[in-house]
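At position 283 of the sequence shown (counting the first as 1) the number is 283 in full-length UniProt numbering, and the numbers step up by one without a gap.
Ideal Cβ positions, reconstructed from N, Cα and C, are used throughout, including at glycine.
Everything numeric in this text was worked out from a predicted model, so none of it was measured.
Report on one structure; see the data block that follows.
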Amino acid sequence: MAGPVDPELVYIFIDYSNVTHEGSRELNIANDHFNVDLNRLVLTVCNGRKSGGVFIAGSTPQTAPTPAKDELAWRRAEHHGFNVKTFPRNASNKEKKVDSRLTCDIMLTIRKNPGILVLVAGDSDYSVPLEEARKENWEIEIWFWNKGKSKHFSNFPYTSLNFHYKSFVYITGPRNRYTFEISSDIIKNWKWKNEPIMECYCALNLLCQFQWVNKTTAHLYFDNETHLKQARGWLFKKYPMLLKEQGRVGKSVKVLQDKKITEDIVDLPQQNTDDPLDDQYVFVDLTESIILK
């Protein structure tokens, strides 16, 4: 007979492909630019509770190289001790084995004393192992995007990722935004170069948007100058060596507008854009906000 539920021990199961694909659709961001920080996603769903284990499954192209953003996500997840399994897609570029791998992980986990099982996926195929977990006295939580959640999960407690995405989603690629450049040799010493940038945006409750220009230079993008100044202050307080080594950035930035990217960004839920974009270019006078000495 199953024992009592441990309300502080959480086991997390993430269908990486499901999360990223549905997330890019939900937020209307091109998949090539949409990224999920798996460590921050885990911290979000743990919500201060203790993790008993994290299981992640995803897929890779059969012939083409695995996208660098996916390789980075999986390497960092493994660095944090998460259980990561990836499987090649078939000749039709369809996923195989991902659902069954996570299902096996769930069935093996629920043999333990009951805790809280968190599924970060929306596929109806997971409803069967979740029902089995419930029979074993496990508490179930579904965390997923609104539009991608199966109706078969209606009997389980649900938390929408739509209200938490700023804590784990980041967008890469050039943006037509207020631009703040960081450039320093100390960046070479950052093992996970995206993390300090992500940390800054999360601390300010902003959607993370940036582009690496080279190994020591990144452009950070903001919807208005106030957010840019807040981020600059946060970064230089947390990483003062950036200020010491920061070079001079031009007084004005001229960015060719990518209309598709602009459409992606302006429709994001809970985002406020105070500065309208023009049709072709944005001229941002950064004399006061980006001259760093």
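Subject >> Contact set for residue 110: own chain, Cβ-Cβ below 6 Å, skip 5 residues either direction >> reply: By 1-based counting over the sequence shown, the position of residue 110 is 110. Excluding sequence neighbours, residue 110 sits near 133, 136, 138.
Original post:
Which residue comes first and which comes last in the alpha helix (DSSP H) that contains residue 234?
Top reply: Numbered from 1 along the sequence shown, position 234 holds the residue referred to as residue 234. Counting along the chain, the alpha helix (DSSP H) containing residue 234 begins and ends at 225-238.
**OP:** Evaluate residue 26 with the Cβ neighbour count: other Cβ atoms within 10 Å of its Cβ, from every protein chain shown; 16 or more gives buried, anything less gives exposed.
**Re:** Here the question's residue 26 lines up with position 26 in the sequence shown. Answer is buried; the Cβ neighbour count reaches 16.
Original post:
Which first and last residues belong to the alpha helix (DSSP H) in which residue 74 is found?
Top reply: Indexing the sequence shown from 1 puts residue 74 at position 74. Its alpha helix (DSSP H) spans residues 68-79.
Original post:
Can the beta-carbon of residue 140 be found closer than 9 Å to that of residue 117?
Top reply: Sequence index remark: in the sequence shown, residue 140 carries index 140 (1-based). Sequence index remark: in the sequence shown, residue 117 carries index 117 (1-based). The answer is yes: Cβ separation under 9 Å.
Subject >> As assigned by DSSP and simplified to three states, the class of residue 29 >> reply: If you number the sequence shown from 1, residue 29 lands on position 29. Correct three-state label for residue 29: coil.
Original post:
residue 257 by DSSP, collapsed to three states: which one?
Top reply: Working through the sequence shown from its first residue, we reach residue 257 at position 257. Confidence is the limiting factor: at residue 257 the pLDDT is only 37, short of 50, which leaves the residue's position unreliable, though a coordinate-based value still follows. If DSSP states are grouped into helix, strand and coil, residue 257 belongs with coil.
**OP:** Mind the definition here: the segment 171-178 touches the segment 149-158 only if three or more C-beta pairs lie below 8 Å; say whether that holds.
**Re:** no
Original post:
Okay, do the segment 38-54 and the segment 215-228 touch, 3+ Cβ pairs below 8 Å being the bar?
Top reply: no
Subject >> residue 273 burial status per 10 Å Cβ neighbour count (16 or more: buried) >> reply: Taking the first residue of the sequence shown as position 1, residue 273 is located at position 273. Note that residue 273 scores a pLDDT of 33, beneath 50, so its modelled location is shaky and nothing firm can be said.
Original post:
By the 10 Å Cβ neighbour count, where 16 or more other Cβ atoms means buried, how is residue 144 classified, buried or exposed?
Top reply: Your numbering for residue 144 matches position 144 in the sequence shown. By the neighbour-count rule (16 or more Cβ atoms within 10 Å), residue 144 is buried.
Original post:
Taking the alpha helix (DSSP H) that residue 201 falls in, what are its first and last residues?
Top reply: Here residue 201 corresponds to residue number 201 of the sequence shown, with the count starting at 1. Boundaries of the alpha helix (DSSP H) harbouring residue 201: 194-203, taken from the DSSP string.
Subject >> Residue from 207, 176, 224, 241 with nearest C-alpha to residue 185 >> reply: Walking along the sequence shown from the start, residue 185 turns up at place 185. Ranking the options by Cα distance to residue 185, first place goes to 241.
Subject >> Backbone CA spacing between residue 263 and residue 238 [nearest angstrom] >> reply: Counted from its first residue, the sequence shown places residue 263 at position 263. Counted from its first residue, the sequence shown places residue 238 at position 238. At residue 263 the pLDDT is 38, less than 50, meaning the model places this residue with poor confidence; the figure from the coordinates comes in the next sentence. Those two C-alpha atoms are separated by around 33 Å.
Original post:
Going by C-alpha distance, which of 38, 20, 207, 84 is nearest residue 30?
Top reply: As a first step, residue 30 must be located in the sequence shown, where it is residue number 30. Among 38, 20, 207, 84, the Cα nearest to that of residue 30 is on 20.
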